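As structure tokens, the structure follows; a few thoughts come after it.
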Amino acid sequence: MLFRNRRSPEHRRQRSPRTWRYRVAGLAAAALALSLVQANVGNAMADRAAAEAAPEAADVVRVAEFLAECPYTHRAPDDPIVFPGLPGASHMHSFFGNDTTNAHSDLASLEKGRTSCSPDTDLSSYWVPTLYDGDREVEPTGTTFYYLGEGVRDDVIRQIKPFPRGLRIVAGNAKATGPQDNTIARWSCLHAGEVNPSQNFVNCPPGTMLESYLDFPQCWNGTDLDSADHKSHMAYPVAGACPSTHPVPVPKLRQVLRYPVNGDPARFRLASGPGYTMHGDFFNVWPEQEMAQRVRDCINAIVKCGFDGTP
């Protein structure tokens with residue numbers, strides 16, 4: 000009597016097919032849910048992989064550029080391009096890069112020198128007239144030399160050739176008698192964009208620095224490493240291309256110097272004269288392979304590279 004209401008085994012067996020169907024349906028639903036979770040996880044992992052790969056492409060900046068940072072090394076009244084073999088014949092120059100540069104320097108002697116440049120494969124010599132604050136020499140604390148593809152069309156950029164070893168270039172006008180005689184060199188203020196650039200010294204506010212920018216010509220006649228006036232073998236582009244007289248495009252060298260002075264520009268002078276006499280000299284001693292790799296991977300490819308020649 001106590002077990003009258005219990006289901007018999009036969010009754011349980013009769014109910015079991017429905018119970019089994021419920022269990023199968025439950026398992027199917029669980030499997031479907033699991034597959035959806037796995038699919039979402041897979042999609043998330045794929046999205047993450049794509050996102051991680053994307054910055055690598057985004058980091059490539061479409062600017063044709065590589066550079067060298069070449070701190071000040073020494074001063075001397077020498078100029079191995081304009082006054083070769085004549086020590087003391089020039090106004091005072093401040094030298095950067097190759098620390099052996101003097102009046103007697105040539106390619107062979109510079110190849111044996113040491114450099115202040117980063118990268119240290121750049122044995123080139125760079126020099127400018129010394130800046131004076133009153134009677135005190137002032138040397139730049141920022142000395143960056145950019146090698147650029149700008150100034151010509153993209154199709155010309157892709158044709159740019161490396162500088163030949165031993166190439167000598169002079170930019171600017173040491174004999175300028177007024178600002179109109181030198182439209183290449185310009186002065187500005189670091190972190191003071193409200194001060195307009197000028198061919199002569201500018202008045203930089205406190206907390207800023209005086210900057211000098213100078214662009215070298217980027218079209219070569221394809222033959223001469225120098226010329227009688229030290230300029231005729233080079234030319235500036237015309238309408239985005241090199242003139243027929245100077246058909247070989249080479250990198251544009253941009254010299255950017257930052258001097259730790261500001262204030263009244265009447266205090267400043269160059270060893271060559273007023274600010275508009277600013278000029279720069281470049282003696283190329285880059286190893287051919289290093290220069291060629293940077294021109295190919297940075298300039299021709301229109302990619303912004305660092306000191307090591309990579310993006």
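Counting along the sequence shown from 1, when you hit position 52 you're at 51 in numbering that gives the first Met the number 0, and nothing is skipped either side.
Glycine included, every Cβ here is placed at the ideal spot set by N, Cα and C.
From a predicted model like this one, the values you see are computed outputs, not experimental measurements.
Asked: Reference GLU210; option with closest CA among CYS304, ASN202 and GLN217; Found: ASN202
Asked: Beta-bridge partners of HIS278, as assigned by DSSP; Found: GLY171
Asked: DSSP bridge partner residues for GLN254 (one or two, in chain order); Found: PHE144 and LEU213
Asked: Segment contact, 8 Å Cβ cut-off, at least three pairs: the segment 121-130 with the segment 85-93; Found: yes
Asked: CB contact below 9 Å: SER117 versus chain B; Found: Protein chain content of the structure displayed is limited to a single chain, and chain B is not contained in it.
Asked: Outcome for GLU55 when other beta-carbon atoms lying within 10 angstroms are tallied against a minimum of 16; Found: Unreliable placement is indicated for GLU55, whose pLDDT of 43 sits below 50; the coordinate value is still reported in the next sentence. By the neighbour-count rule (16 or more Cβ atoms within 10 Å), GLU55 is not buried but exposed.
Asked: Cβ contact (3+ pairs, closer than 8 Å) linking the segment 247-263 and the segment 210-230; Found: yes
Asked: Inter-residue Cα distance where the pair is PRO286 and ARG167; Found: 15 Å
Asked: Buried/exposed call for ALA107, threshold 16 Cβ in 10 Å; Found: exposed
Asked: Cα-Cα separation, GLY262 to ASN199; Found: 14 Å
Asked: Three-state secondary structure assigned by DSSP to MET290; Found: helix
Asked: Buried versus exposed, by CB contacts within 10 Å (16 or more), THR100; Found: buried
Asked: Within 9 Å, strictly: CB atoms of PRO76 and PHE95; Found: no
Asked: For ASP225, the nearest candidate out of THR120, GLY165 and PRO196 (CA to CA); Found: GLY165
Asked: Option in VAL194, ASP228 and SER243 with minimal Cα separation from CYS318; Found: Because the chain is modelled from 0 through 310, residue 318 falls outside the range shown and cannot be assessed.
Asked: Sheet register partners of VAL127 (DSSP bridge); Found: SER93
Asked: ARG293 to HIS232 span [Cα, whole Å]; Found: 23 Å
Asked: For PRO246 and GLY221, believed in contact at Cβ under 8 Å, the rounded distance; Found: 6 Å
Asked: Contact set for PRO118: own chain, Cβ-Cβ below 7 Å, skip 5 residues either direction; Found: ALA67, PHE306 and ASP307
Asked: THR140, buried or exposed, once every other Cβ within 10 Å from all chains shown has been counted against 16; Found: exposed
Asked: Inter-residue spacing [alpha-carbon to alpha-carbon] between LYS160 and PRO205; Found: 43 Å
Asked: Residues bridged to PRO248 [DSSP beta-bridge criterion]; Found: CYS218
Asked: Candidates ASN97, ALA175, HIS73 and LEU122, of which the one nearest GLU138 by Cα; Found: HIS73
Asked: Buried/exposed call for ARG295, threshold 16 Cβ in 10 Å; Found: exposed
Asked: Spatially closest choice to LEU122 from ASP132, ASP134, ASP223 and PHE144, by CA coordinates; Found: PHE144
Asked: Cβ shell of PHE82 (< 8 Å), same chain only, five flanking positions each side left out; Found: ALA88, SER89 and ALA102
Asked: Assigned exposure category for ALA227 - 16 Cβ within 10 Å defines buried; Found: exposed
Asked: Integer Cβ distance of PRO259 from MET208, believed to fall under 8 Å; Found: 6 Å
Asked: Among PRO310, ASN283 and ILE298, the one whose alpha carbon lies nearest that of ASP153; Found: ILE298
Asked: Given ASP311 as reference, the closest of LEU269, ILE183 and ASN283 once Cα atoms are compared; Found: Since the first residue of the chain shown is 0 and the last is 310, residue 311 is not available in this structure.
Asked: Inter-residue spacing [alpha-carbon to alpha-carbon] between PRO86 and ARG61; Found: 44 Å
Asked: Buried/exposed call for HIS278, threshold 16 Cβ in 10 Å; Found: buried
Asked: Residue from ASP132, ASP98, TRP186 and ASN172 whose Cα sits closest to the Cα of THR276; Found: ASN172
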